[in-house]
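*Asks:* What follows is a structure written as structure tokens; I'll ask about it next.
2 protein chains.
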Amino acid sequence: MMFPDTAAQNGPLNLNSKDHAQHEHSHGLFGPPGLLALPEPSSDNEGRQIPRKKQKRRLSREPGEDGDDRTREHPFIVTEPGEVARGKKNGLDYLFDLYEQCARFLDEVQQMARERGEKCPTKVTNQVFRHAKLKGASYINKPKMRHYVHCYALHCLDKDKSNFLRKQFKERGENVGAWRQACYFPLVDMARDNGWDIEGVFVRNEKLRIWYVPTKLRQLCHFEKSKDSDSCSYE
Amino acid sequence: MMFPDTAAQNGPLNLNSKDHAQHEHSHGLFGPPGLLALPEPSSDNEGRQIPRKKQKRRLSREPGEDGDDRTREHPFIVTEPGEVARGKKNGLDYLFDLYEQCARFLDEVQQMARERGEKCPTKVTNQVFRHAKLKGASYINKPKMRHYVHCYALHCLDKDKSNFLRKQFKERGENVGAWRQACYFPLVDMARDNGWDIEGVFVRNEKLRIWYVPTKLRQLCHFEKSKDSDSCSYE
DNA sequence: AGAAGGACCAGTGGTCCGTA
DNA sequence: AGAAGGACCACTGGTCCGTA
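Printed below as a string of structure tokens:
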């Protein structure tokens with residue numbers, strides 16, 4: 001498949017450093033203008049638009065459209081480690097595996113960026129989610145992954161506590177939302193033990209490094225911290 | 001000056017962790033909903049909008065407006081180290097000082113972010129430029145700073161070569177644009193010496209770390225690299 | 001002509017809320 | 001009701017080009 005308009009018509013690719021090895025700064029730099037002109041980047045840049053005109057998003061599906069009928073993912077339920085969710089449900093091991101998949105997709109995006117000399121993301125960005133979708137992982141999406149990041153964080157940072165929490169909440173018959181809320185608190189404790197540097201807690205962990213610290217978690221840490229120092233000043 | 005609408009009406013600040021110190025996970029977590037509700041962040045967030053409705057930018061100044069007549073900064077000329085530009089010109093020492101000022105403004109922004117528990121920028125972002133303007137440094141702006149980043153980079157990474165280039169280009173009577181172009185090549189050489197990791201070259205330098213690698217420089221490195229490996233495969 | 005910077009814009013991080 | 005995720009939006013990084 002060819003797109004003549006994008007494939008051809010690159011500006012002059014005269015990087016002009018054939019004599020770049022010669023001594024000092026005589027890089028043929030004083031030639032004609034257009035000297036440092038660079039060709040367009042490869043252009044098949046992971047589905048990103050080539051610019052020109054904001055696109056309109058279509059609103060909800062018209063009834064009567066063909067519709068490839070992508071049904072939603074099954075909701076998560078609280079499962080203990082190793083337990084497979086039965087019925088139209090997904091378990092937490094599966095949830096955490098999604099995070100590992102994202103890490104792999106990020107690796108691929110980084111690899112591609114490096115090959116192309118483009119800036120290389122260090123985090124799971126929109127680009128990574130786009131790439132995942134393109135690679136067929138349609139079950140991965142940004143709101144979901146962001147929603148449970150801190151649960152994954154606990155899983156990475158203290159597997160025992162994470163596993164214990166899962167068992168506990170499963171026994172009590174709590175729903176996913178309750179378990180998710182509960183995951184914040186052990187993390188706040190860990191932040192306290194690390195001088196309230198929750199960012200650092202994330203960055204220092206090999207697997208967590210690539211995930212943004214969730215706003216709510218950062219705020220929780222902030223308020224706990226100010227409470228701590230308040231009571232301190234009354235001692 | 002008070003803005004009652006923004007200052008009052010914060011949501012319920014029931015972080016509700018008064019019993020946070022008690023054993024294990026009984027953090028009062030099973031109380032009423034709204035439990036993890038957090039108050040609005042401090043809101044005087046460096047001129048950022050409080051959301052709701054995209055704002056229109058005014059186009060160029062109507063003739064006949066009062067106009068505080070902020071004239072443009074004087075253009076830069078190539079000066080040698082220590083030389084003060086005369087006439088309506090600015091010298092390169094002044095240019096480089098602008099970068100140091102930005103670093104200080106970034107420090108301030110980081111300090112504020114940490115106090116407020118907000119995410120803390122590691123680079124000179126829009127927020128930093130906004131802060132600089134707010135603090136009266138109206139002579140600092142993003143396009144200018146981005147334009148000369150690689151010149152500052154050379155100044156940071158190899159002061160001798162940078163100074164030499166300045167003297168050389170001043171002698172030859174070259175204009176700022178020519179000097180600016182010339183600054184790319186020593187940097188490409190440095191990238192080569194560092195396995196083409198220009199990102200790393202920036203990040204490893206204390207002062208450069210906070211500046212984004214300019215697109216053009218990254219591209220230059222990329223094309224030089226592919227040229228190198230091409231000729232290598234023919235040996 | 002050479003240069004400074006207001007203004008623009010594709011895309012991002014973040015998350016609300018119509019949906020199932 | 002609880003949960004999944006399309007869609008939205010303030011803002012960002014990036015830089016063009018009307019301006020002086």
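The listed protein sequences correspond, in order, to chains A and W.
The UniProt record's numbering applies: residue 1 is where the first sequence begins, and numbers increase by one.
The UniProt record's numbering applies: residue 1 is where the second sequence begins, and numbers increase by one.
All C-beta atoms, glycine included, are put in the ideal place defined by N, C-alpha and C.
If distances are taken between C-alpha atoms only, which option among W:146, W:144, W:187 comes closest to residue 165 of chain W?
*Replies:* As a working mapping, residue 165 of chain W is identified with position 165 in the second sequence. Ranking W:146, W:144, W:187 by Cα distance to residue 165 of chain W puts W:187 first.
*Asks:* Have a look at residue 151 of chain W and residue 133 of chain W and give me their C-alpha separation to the nearest angstrom.
*Replies:* As a first step, residue 151 of chain W must be located in the second sequence, where it is residue number 151. As a first step, residue 133 of chain W must be located in the second sequence, where it is residue number 133. If you take the alpha carbons of residue 151 of chain W and residue 133 of chain W, they lie about 23 Å apart.
*Asks:* Just to confirm before moving on: does the CB-CB distance between residue 218 of chain W and residue 119 of chain A stay below 8 Å?
*Replies:* Counting from 1 along the second sequence, the entry for residue 218 of chain W is found at position 218. Counting from 1 along the first sequence, the entry for residue 119 of chain A is found at position 119. Taking 8 Å as the Cβ cut-off, residue 218 of chain W and residue 119 of chain A qualify as a contacting pair.
*Asks:* For residue 199 of chain A, collect the residues of the same chain with a Cβ closer than 6 Å to its Cβ; drop the 5 residues on either side in sequence, then sort them by chain order.
*Replies:* Your numbering for residue 199 of chain A matches position 199 in the first sequence. Cβ neighbours of residue 199 of chain A beyond the five flanking positions: 213.
*Asks:* Which partner residues of residue 194 of chain A appear in the DSSP bridge assignment?
*Replies:* As a first step, residue 194 of chain A is located in the first sequence; it is residue number 194 there, counting from the start. Answer is none; residue 194 of chain A lacks a bridge partner.
*Asks:* Note down, in chain order, every chain A residue with its Cβ under 9 Å from the Cβ of residue 120 of chain W.
*Replies:* In the second sequence, residue 120 of chain W corresponds to position 120, counting from 1. Neighbours of residue 120 of chain W on chain A, chain order: 199.
*Asks:* Using the beta-carbon count (16 or more within 10 Å), is residue 79 of chain W buried or exposed?
*Replies:* Counting from 1 along the second sequence, the entry for residue 79 of chain W is found at position 79. The residue is buried, with at least 16 neighbouring Cβ atoms inside 10 Å.
*Asks:* Three or more beta-carbon pairs under 8 Å between the segment 97–109 of chain A and the segment 122–130 of chain A, yes or no?
*Replies:* yes
*Asks:* Quick check on this structure: which residue in W:156, W:175, W:87 has the alpha carbon closest to the alpha carbon of residue 99 of chain W?
*Replies:* Taking the first residue of the second sequence as 1, we reach residue 99 of chain W at position 99. Ranking W:156, W:175, W:87 by Cα distance to residue 99 of chain W puts W:156 first.
*Asks:* Below 8 Å on C-beta distance, what does residue 111 of chain W contact in chain A?
*Replies:* Residue numbering aside, residue 111 of chain W sits at position 111 when the second sequence is read from its first letter. Chain A residues near residue 111 of chain W: none, gap ~14 Å exceeds 8 Å.
*Asks:* Leaving out the 5 sequence neighbours to the left and right, which residues in its chain are closer than 7 Å to residue 215 of chain A when beta-carbon positions are compared?
*Replies:* Here the question's residue 215 of chain A lines up with position 215 in the first sequence. Once the five neighbours on either side are set aside, residue 215 of chain A has no close Cβ partner at all.
*Asks:* Do you know offhand how far residue 110 of chain W's Cα is from residue 102 of chain W's?
*Replies:* As a first step, residue 110 of chain W must be located in the second sequence, where it is residue number 110. As a first step, residue 102 of chain W must be located in the second sequence, where it is residue number 102. Approximately 12 Å, taken between the alpha carbons.
*Asks:* Run through chain W and tell me which residues come within less than 8 Å of residue 218 of chain A, C-beta to C-beta.
*Replies:* Looking up residue 218 of chain A in the first sequence gives position 218. The answer, in chain order, is 117, 118, 119.
*Asks:* Does residue 34 of chain W have its Cβ less than 8 Å from a Cβ in chain A?
*Replies:* For the purposes of this step, residue 34 of chain W is taken as residue 34 along the second sequence, with counting starting at 1. Note that residue 34 of chain W scores 42 on pLDDT, short of 50, meaning its location in the model is unreliable; the coordinates nonetheless yield the value given after this. No - not a single Cβ of chain A is within 8 Å of the one on residue 34 of chain W.
*Asks:* Which word fits residue 117 of chain A, buried or exposed, when buried means at least 16 other C-beta atoms lie within 10 angstroms of its C-beta?
*Replies:* In the first sequence, the residue the question calls residue 117 of chain A occupies position 117. Under a 10 Å Cβ-count criterion, residue 117 of chain A is classified as buried, with 16 or more other Cβ atoms of the shown protein chains found around its own Cβ.
*Asks:* Can you name the start and end residues of the alpha helix (DSSP H) that residue 130 of chain A belongs to?
*Replies:* Here residue 130 of chain A refers to the residue found at position 130 when the first sequence is read from its first residue. Run containing residue 130 of chain A: 126–134, per the alpha helix (DSSP H) assignment.
*Asks:* Counting only C-beta atoms, is residue 151 of chain A closer than 8 Å to chain W at any point?
*Replies:* Your numbering for residue 151 of chain A matches position 151 in the first sequence. Judged by the 8 Å Cβ criterion, residue 151 of chain A is not in contact with chain W.
*Asks:* Pick helix, strand or coil for residue 90 of chain W, following the three-state DSSP scheme.
*Replies:* The residue you call residue 90 of chain W lines up with position 90 of the second sequence. Here residue 90 of chain W sits in strand by DSSP.
*Asks:* Taking residue 222 of chain A as the query, report the chain W residues whose CB atoms sit under 7 Å from its CB, ordered along the chain.
*Replies:* The residue given as residue 222 of chain A occupies position 222 in the first sequence. By Cβ distance, chain W contributes 117.
*Asks:* For residue 183 of chain A and residue 154 of chain A, I'd like the C-alpha separation in whole angstroms.
*Replies:* Taking the first residue of the first sequence as 1, we reach residue 183 of chain A at position 183. Taking the first residue of the first sequence as 1, we reach residue 154 of chain A at position 154. Each residue's Cα considered, the two are about 7 Å apart.
*Asks:* Which residue's Cα is closest to the Cα of residue 96 of chain W: W:147, W:196, W:225?
*Replies:* Counting from 1 along the second sequence, the entry for residue 96 of chain W is found at position 96. Taking the Cα of residue 96 of chain W as reference, the smallest distance to any Cα among W:147, W:196, W:225 is reached at W:147.
*Asks:* Between residue 224 of chain W and residue 127 of chain W, is the Cβ-Cβ spacing less than 8 Å?
*Replies:* Residue mapping note: residue 224 of chain W aligns to position 224 of the second sequence, counting from 1. Residue mapping note: residue 127 of chain W aligns to position 127 of the second sequence, counting from 1. Taking 8 Å as the cut-off, the Cβ atoms of residue 224 of chain W and residue 127 of chain W do not count as close.
*Asks:* Determine the direct distance from the alpha carbon of residue 203 of chain W to that of residue 192 of chain W, and round the result to whole angstroms.
*Replies:* What you label residue 192 of chain W is simply residue 192 of the second sequence in a count that begins at 1. What you label residue 203 of chain W is simply residue 203 of the second sequence in a count that begins at 1. Answer to the nearest angstrom: the Cα atoms are 16 Å apart.
*Asks:* Just to confirm my understanding: we take residue 73 of chain W, look at its own chain, exclude 5 residues before and 5 after, and list those with CB closer than 7 Å. What are they?
*Replies:* The residue you call residue 73 of chain W lines up with position 73 of the second sequence. Result list for residue 73 of chain W: 90, 139, in chain order.
*Asks:* Who are residue 76 of chain A's beta bridge partners in DSSP?
*Replies:* Counted from its first residue, the first sequence places residue 76 of chain A at position 76. A:90.
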